[in-house]
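> Numbering (this note's numbering), first residue to last: -5 to 208.
Cβ atoms here follow ideal geometry from the backbone N, Cα and C, with glycine treated the same way.
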Ligand SMILES: [Zn+2]
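1) For residue 23, report the span of its alpha helix (DSSP H) as first-last.
2) At a threshold of 7 Å, does residue 139 count as lining ligand 1 (C-beta to nearest heavy atom)?
3) For a test of your reading of the model: does the CB of residue 125 fall under 7 Å from any non-hydrogen atom of ligand 1? Yes or no.
4) Should residue -4 be labelled buried (16 or more other beta-carbon atoms within 10 Å of its own) or exposed?
5) I'd like to confirm something about residue 102: is its beta-carbon nearer than 7 Å to some heavy atom of ligand 1, or not?
6) Could you tell me the boundaries of the beta strand (DSSP E) in which residue 173 lies?
7) In whole angstroms, give me the CA-to-CA distance for residue 117 and residue 13.
8) Check whether the Cβ atoms of residue 181 and residue 95 sit closer than 8 Å, and answer yes or no.
9) Could you name the residues of the same chain whose beta carbon sits closer than 6 Å to that of residue 199, not counting the 5 residues immediately before and after it, in chain order?
10) Could you please give the first and the last residue of the uninterrupted beta strand (DSSP E) stretch that includes residue 35?
11) Flag residue 164 as yes when its Cβ comes closer than 7 Å to any non-hydrogen atom of ligand 1, and as no otherwise.
12) Can you say whether residue 8 is buried or exposed, counting buried as having 16 or more other CB atoms within 10 angstroms of its CB?
13) From the DSSP output, read off the bridge partner residues of residue 179.
14) Taking 7 Å as the cut-off, is the CB of residue 174 close to at least one heavy atom of ligand 1?
15) Can you check whether the CB of residue 123 is closer than 8 Å to the CB of residue 154?
16) For residue 45, which three-state DSSP category applies?
17) Cutting at 6 Å between CB atoms, please list the residues of its own chain near residue 97, excluding the five before and the five after it.
18) Find the nearest neighbour of residue 179 within the set 88, 157, 172, 165, judged by alpha-carbon distance.
19) Only counting the same chain, and skipping five residues up and downstream in sequence, which positions put a Cβ closer than 6 Å to that of residue 82?
20) Where do the ends of the beta strand (DSSP E) carrying residue 61 lie?
21) Does the distance from the C-beta atom of residue 160 to that of residue 63 stay below 8 Å?
22) So what's residue 144 in DSSP terms, helix, strand or just coil?
Right, dumping it as structure tokens:
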């Protein structure tokens, strides 16, 4: 698909939204012009295959979304940028009671964490991936000889857990956690099956969320 075809497809989508979807939800959109009170911050990968609203069946105004390559959330001390500002705003201004970090299967960043040569020639990505170095180190420490597929599965989980740890270094998150006003959860979304695996920050054990799709 070339640029013009891509733009035409997207413009068609906007037209359909304006013709069919917006009118059906007009009262909701009119209410939302006054502000937002999202029930969660959803922190996920930039990958095009993850549609948070589709996955959680959420409505406009419900989920505050931040996305980065590999759903990486750097430690507070390592990075002041969009992620830091988003986390601060979501927790301090919007008072979200829940942050979900959602990784996914077949993640390009996780694959490059396992095989760094996949990020060759992309210095910005290499630099970004260093924020998940502890997950790679844990994998090599505990499962150095596992088959590649198993390594990828585990590294996808460890990467999510590393970001839950990183988020706890953000002062806004630490303060909300200490007041018991915030829950951190880690998810792995399986693109092929629709399954979601969930772990809390304390246990780090992933369990199937809500059963498997029919
Ligand atoms: Zn990804």
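Checking against the coordinates, here is how it stands:
1) Reading the chain shown from its first residue, position 29 is the one you call residue 23. Run containing residue 23: 20 to 26, per the alpha helix (DSSP H) assignment.
2) Along the chain shown, read from residue 1 onward, the residue named residue 139 stands at position 145. False, no ligand heavy atom lies under 7 Å from that Cβ.
3) Walking along the chain shown from the start, residue 125 turns up at place 131. No - ligand 1 has no heavy atom lying nearer than 7 Å to the Cβ of residue 125.
4) As a first step, residue -4 must be located in the chain shown, where it is residue number 2. Result: exposed.
5) Residue 102 sits at position 108 when you count from the first residue of the chain shown. Yes - ligand 1 has a heavy atom lying nearer than 7 Å to the Cβ of residue 102.
6) Working through the chain shown from its first residue, we reach residue 173 at position 179. Note, residue 173: premise wrong, no beta strand (DSSP E); not H, not E.
7) Translated into positions along the chain shown, residue 117 becomes position 123. Translated into positions along the chain shown, residue 13 becomes position 19. Answer to the nearest angstrom: the Cα atoms are 43 Å apart.
8) The residue labelled residue 181 in the question sits at position 187 within the chain shown. The residue labelled residue 95 in the question sits at position 101 within the chain shown. In contact: residue 181 and residue 95 (Cβ atoms closer than 8 Å).
9) Translated into positions along the chain shown, residue 199 becomes position 205. The residues are 193.
10) Taking the chain shown and counting its residues from 1, one reaches residue 35 at position 41. Unbroken beta strand (DSSP E) run through residue 35: 34 to 39.
11) Locating residue 164 in the chain shown gives position 170, where the first residue counts as 1. Because no heavy atom of ligand 1 lies under 7 Å away, the Cβ of residue 164 does not count as near it: no.
12) Position 14 of the chain shown, counted from the first residue, corresponds to residue 8. Exposed is the call here.
13) As a working mapping, residue 179 is identified with position 185 in the chain shown. According to DSSP, which records beta bridges pairwise, residue 179 is partnered with 94, 194.
14) What you label residue 174 is simply residue 180 of the chain shown in a count that begins at 1. No, since every heavy atom of ligand 1 falls outside the 7 Å radius drawn around the Cβ of residue 174.
15) Residue numbering aside, residue 154 sits at position 160 when the chain shown is read from its first letter. Residue numbering aside, residue 123 sits at position 129 when the chain shown is read from its first letter. Going by C-beta atoms, residue 154 is not nearer than 8 Å to residue 123.
16) Residue mapping note: residue 45 aligns to position 51 of the chain shown, counting from 1. Correct three-state label for residue 45: coil.
17) What you label residue 97 is simply residue 103 of the chain shown in a count that begins at 1. Excluding sequence neighbours, residue 97 sits near 65, 150, 153, 154, 182.
18) As a working mapping, residue 179 is identified with position 185 in the chain shown. Nearest C-alpha to residue 179: 157.
19) Along the chain shown, one-based indexing puts residue 82 at 88. Answer for residue 82: 166, listed in chain order.
20) Numbered from 1 along the chain shown, position 67 holds the residue referred to as residue 61. It spans 57 to 62 - the beta strand (DSSP E) in which residue 61 sits, taken as one unbroken run.
21) If you number the chain shown from 1, residue 160 lands on position 166. If you number the chain shown from 1, residue 63 lands on position 69. No, the Cβ-Cβ distance between residue 160 and residue 63 is not below 8 Å.
22) Counting from one through the chain shown, the residue named residue 144 turns up at place 150. The answer is helix: DSSP assigns residue 144 an H, G or I state.
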